[in-house]
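**Student:** Just passing along the structure, written as structure tokens.
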Amino acid sequence: MKEFIGTFLACIVICWIFAFFFLGLIVENIWALIIFISFLLAVLITIVIKQETRIEELEKKVEKLLNNNLD
13 MKEFIGTFLA CIVICWIFAF FFLGLIVENI WALIIFISFL LAVLITIVIK
63 QETRIEELEK KVEKLLNNNL D
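Counting from 1 along the sequence shown, just add 12 to a position and that's the residue number in our numbering.
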């Protein structure tokens, strides 16, 4: 829980700094806002997909190790 709170507070600070400097430019231009949101979604989706792939690979390795130990 402490790690989550620390990460959450760091994200709030980074977002506040970003908003202070760049929010005016993004809000004025609707296309910039759409591109920015699309970028964030693409990054998040890519991270989730890569994590899912890594978890599946680890599950296969664990199964293989368990099968080798039982033999």
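For each residue, glycine too, the CB sits at the ideal point set by N, CA and C. These numbers come from a predicted model, not from an experiment.
Would you say L35 and A44 are within 8 Å of each other, going by their C-beta atoms?
**Tutor:** Against a cut-off of 8 Å, the Cβ pair of A44 and L35 comes out as no contact.
**Student:** Give me the Cα-Cα distance between K72 and T65, rounded to the nearest whole angstrom.
**Tutor:** So the two alpha carbons sit approximately 11 Å from each other.
**Student:** The alpha helix (DSSP H) that contains N81, what's its start and end?
**Tutor:** Start and end: I42 to L82.
**Student:** Rounding to the nearest angstrom, what Cα-Cα distance links N81 and V74 in this structure?
**Tutor:** Cα to Cα, N81 sits roughly 11 Å from V74.
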